[in-house]
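One point on numbering: in the UniProt record's numbering, the residue at position 54 of the sequence shown is 54, and numbering is uninterrupted.
Quick reminder that beta carbons are idealized off the backbone N, C-alpha and C, glycines included.
Here's the structure, in structure tokens; my notes come after.
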Amino acid sequence: MGRLDGKVAVITGAAGGIGREAALLFSEEGASVVVADVSAESGEKTAAECREAVFEKVDVSDAGSVEALYDAATRRFGGVDVLYNNAGIMPPDDDSILTTEPDAWDRVHAVNARGVFLCCKFGIPRLLDRGGGSVINVASFVALMGAATSQIAYTASKGAVLSMSRELAVQFARRGVRVNALCPGPVETPLLMRLFSDDPAAYERRRVHLPMGRLATAREIASAALFLASDESSYVNGATFLVDGGLSAAYVTPE
Ligand SMILES: NC(=O)c1ccc[n+]([C@@H]2O[C@H](COP(=O)([O-])OP(=O)(O)OC[C@H]3O[C@@H](n4cnc5c(N)ncnc54)[C@H](O)[C@@H]3O)[C@@H](O)[C@H]2O)c1
Numbered sequence: 001m002g003r004l005d006g007k008v009a010v011i012t013g014a015a016g017g018i019g020r021e022a023a024l025l026f027s028e029e030g031a032s033v034v035v036a037d038v039s040a041e042s043g044e045k046t047a048a049e050c051r052e053a054v055f056e057k058v059d060v061s062d063a064g065s066v067e068a069l070y071d072a073a074t075r076r077f078g079g080v081d082v083l084y085n086n087a088g089i090m091p092p093d094d095d096s097i098l099t100t101e102p103d104a105w106d107r108v109h110a111v112n113a114r115g116v117f118l119c120c121k122f123g124i125p126r127l128l129d130r131g132g133g134s135v136i137n138v139a140s141f142v143a144l145m146g147a148a149t150s151q152i153a154y155t156a157s158k159g160a161v162l163s164m165s166r167e168l169a170v171q172f173a174r175r176g177v178r179v180n181a182l183c184p185g186p187v188e189t190p191l192l193m194r195l196f197s198d199d200p201a202a203y204e205r206r207r208v209h210l211p212m213g214r215l216a217t218a219r220e221i222a223s224a225a226l227f228l229a230s231d232e233s234s235y236v237n238g239a240t241f242l243v244d245g246g247l248s249a250a251y252v253t254p255e
């Protein structure tokens, strides 16, 4: 028996990275998965590797596109039980506040904050139609901790996701909808690892703060999302769900 048997999950940003890993894991655990992403080629590929999944092209920053996504999911699988709002961007021109231009701020907020807002706005009514469900909004440890290596728009957008999630959790709890903010620590994704292989000192600067001395794997974050998606987390609501290997608990780490 799978941990998500009979559930329909819509995962945004599921073409690659953590979202792709989650699509594979959720489908292994019995869910029907909607792989939703702007990137069609890799999105189709992810969906094809899942047990039962379809790809839907979506731009999470566009209201019409997000509304159409949940319409399509409902038409295809009869309803929606899990919203995993995972799509997010971190462009290179989002840096210190001294150099980040308003345009970069707007682009980051359009995907990371407005995107989660739109997915909740059009997705939660679908969960209510089924008598409840689980919403997993992806924030980050940076919503809770400051970094001198700033990415100011990204950090602020994740703060918005965190506070929005808390409020939705309180508003919809009595109607069966749980909303949690998944806050990963740094994850070993291809993009990040490529960045660090070009600049080992930047990697070391971050690794030293991690009590475990390593980044998370995408599977470790997807496994936490699986718990939040499943009925095993039926009393977990409004949580700042940190999956950071103890990073946010650390003052001095082992040598
Ligand atoms: N990787 C990390 O270290 C880390 C740490 C904390 C939080 N996060 C968060 O986890 C989530 C996933 O991160 P990842 O590292 O797997 O990222 P990733 O870049 O590997 O994947 C993000 C996916 O989102 C898609 N996407 C981008 N813009 C979109 C849009 N407008 N509409 C629909 N899809 C869009 C991309 O095509 C891509 O497939 C993000 O929200 C990220 O902020 C990541």
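Exercise. Hey, would you say the C-beta of C183 is under 8 angstroms away from at least one heavy atom of ligand 1?
Worked result: As a working note, residue 183 is residue 183 in the sequence shown. Short note on C183: C-beta closer than 8 angstroms to some heavy atom of ligand 1.
For this session: Examine ligand 1 and report whether any of its heavy atoms sits within less than 8 angstroms of the Cβ of Y154.
Result: Here residue 154 corresponds to residue number 154 of the sequence shown, with the count starting at 1. Indeed, a heavy atom of ligand 1 lies less than 8 angstroms from the Cβ.
Exercise. Mind checking whether the beta-carbon of residue 262 lies closer than 8 angstroms to any heavy atom of ligand 1?
Worked result: The structure shown has nothing for residue 262, since the chain only spans 1 to 255.
Problem set entry | Whole-angstrom distance between T99 and P92, CA atom to CA atom | The residue labelled residue 92 in the question sits at position 92 within the sequence shown. The residue labelled residue 99 in the question sits at position 99 within the sequence shown. P92 and T99 have their C-alpha atoms some 11 angstroms from each other.
Exercise. How about A31 and A229: are their beta carbons less than 9 angstroms apart?
Worked result: Translated into positions along the sequence shown, residue 31 becomes position 31. Translated into positions along the sequence shown, residue 229 becomes position 229. Contact annotation: A31 and A229 have beta-carbon atoms nearer than 9 angstroms.
Exercise. Should D59 be listed as close to ligand 1, given that the test is whether its C-beta is under 8 angstroms from any heavy atom?
Worked result: Residue numbering aside, residue 59 sits at position 59 when the sequence shown is read from its first letter. It does: the Cβ of D59 is within 8 angstroms (strictly closer) of some heavy atom of ligand 1.
Exercise. Whose C-beta lies closer than 7 angstroms to the C-beta of A23 among residues of the same chain, with five residues either side of it excluded?
Worked result: The count along the sequence shown starts at 1 and reaches residue 23 at position 23. Cβ contact annotation for A23 (same chain, cutoff 7 angstroms, sequence separation greater than five): I11, A14, V33, V35, T46, C50, A53, in chain order.
Exercise. What does V108 pair with, by DSSP beta-bridge criteria?
Worked result: Looking up residue 108 in the sequence shown gives position 108. None, per the DSSP bridge assignment.
Exercise. DSSP three-state call for R76: helix, strand or coil?
Worked result: If you number the sequence shown from 1, residue 76 lands on position 76. Secondary structure at R76: helix, using DSSP grouped into helix, strand and coil.
For this session: Report the option in A147, R207, L247, V138 whose CA atom is closest to the CA atom of A239.
Result: In the sequence shown, counting from the first residue as 1, residue 239 sits at position 239. It is V138 whose Cα lies nearest to the Cα of A239.
For this session: Give every residue of the same chain whose Cβ lies closer than 6 angstroms to the Cβ of D244, excluding the five residues on either side of it in the sequence, and list them in chain order.
Result: In the sequence shown, residue 244 corresponds to position 244, counting from 1. So the list reads F141, G185, once near-sequence residues are dropped.
For this session: Following the continuous beta strand (DSSP E) through E56, name the residue where it begins and the one where it ends.
Result: Stepping through the sequence shown from its first residue, residue 56 is reached at position 56. In this chain, the beta strand (DSSP E) harbouring E56 covers 53-57.
Exercise. Thinking just about the alpha-carbon of each residue, which of D37, V82, L168, R75 is nearest to the one in K7?
Worked result: Here residue 7 refers to the residue found at position 7 of the sequence shown. K7 has its Cα closest to that of V82, out of D37, V82, L168, R75.
Problem set entry | Length of the line joining the Cα atoms of E29 and D231 | In the sequence shown, the residue the question calls residue 29 occupies position 29. In the sequence shown, the residue the question calls residue 231 occupies position 231. Rounded to the nearest whole angstrom, the C-alpha separation of E29 and D231 is 12 angstroms.
Exercise. Since L118 contacts A63 with CB under 8 angstroms, what's their CB separation in whole angstroms?
Worked result: As a first step, residue 118 must be located in the sequence shown, where it is residue number 118. As a first step, residue 63 must be located in the sequence shown, where it is residue number 63. That pair is a contact at about 6 angstroms.
Exercise. Secondary structure at A181, three-state DSSP: helix, strand or coil?
Worked result: Along the sequence shown, read from residue 1 onward, the residue named residue 181 stands at position 181. Three-state result, A181: strand.
Exercise. Quick one, are the C-beta atoms of D198 and A153 less than 9 angstroms apart?
Worked result: Locating residue 198 in the sequence shown gives position 198, where the first residue counts as 1. Locating residue 153 in the sequence shown gives position 153, where the first residue counts as 1. Not in contact: D198 and A153 (Cβ atoms no closer than 9 angstroms).
For this session: Locate the beta strand (DSSP E) running through G133, then write down its first and last residues.
Result: The count along the sequence shown starts at 1 and reaches residue 133 at position 133. Here the beta strand (DSSP E) through G133 covers 133-138.
Exercise. In chain order, what residues of the same chain have a beta carbon less than 6 angstroms from the beta carbon of E188, not counting five sequence neighbours either side?
Worked result: Residue 188 sits at position 188 when you count from the first residue of the sequence shown. Cβ neighbours of E188 beyond the five flanking positions: L215, T217.
Problem set entry | Backbone CA spacing between residue 275 and R76 [nearest angstrom] | No information on residue 275 is available, as it lies outside the stretch 1 to 255 that the chain covers here.
Problem set entry | Spatial neighbours of R3 in its chain, beta-carbon cut-off 6 angstroms, leaving aside the 5 residues before and after | As a working note, residue 3 is residue 3 in the sequence shown. Cβ neighbours of R3 beyond the five flanking positions: E29, S230.
Exercise. With which residues is Y84 paired in a DSSP beta bridge?
Worked result: On the sequence shown, position 84 is the one that residue 84 refers to. Beta bridge pairing from DSSP links Y84 with I11, I136.
Problem set entry | Candidates S150, F241, H109: closest to R166 by CA position | Residue 166 sits at position 166 when you count from the first residue of the sequence shown. A check of alpha carbon separations from R166 across S150, F241, H109 identifies F241 as the nearest.
Exercise. Bridge partners of F141, per DSSP?
Worked result: As a working mapping, residue 141 is identified with position 141 in the sequence shown. Paired residue(s): none; F141 is not in a bridge.
Exercise. Could you give the uninterrupted runs of the beta strand (DSSP E) lying entirely in the stretch 16-65, keeping only those of 3 residues or more?
Worked result: Listed in chain order, the complete beta strand (DSSP E) runs (minimum 3 residues) inside the stretch 16-65 are 32-37, 53-57.
Exercise. Is it buried or exposed for L168, if we count other Cβ within 10 angstroms and need 16 for buried?
Worked result: Taking the first residue of the sequence shown as 1, we reach residue 168 at position 168. A residue is called buried when at least 16 other Cβ atoms come within 10 angstroms of its Cβ; L168 meets this threshold and is buried.
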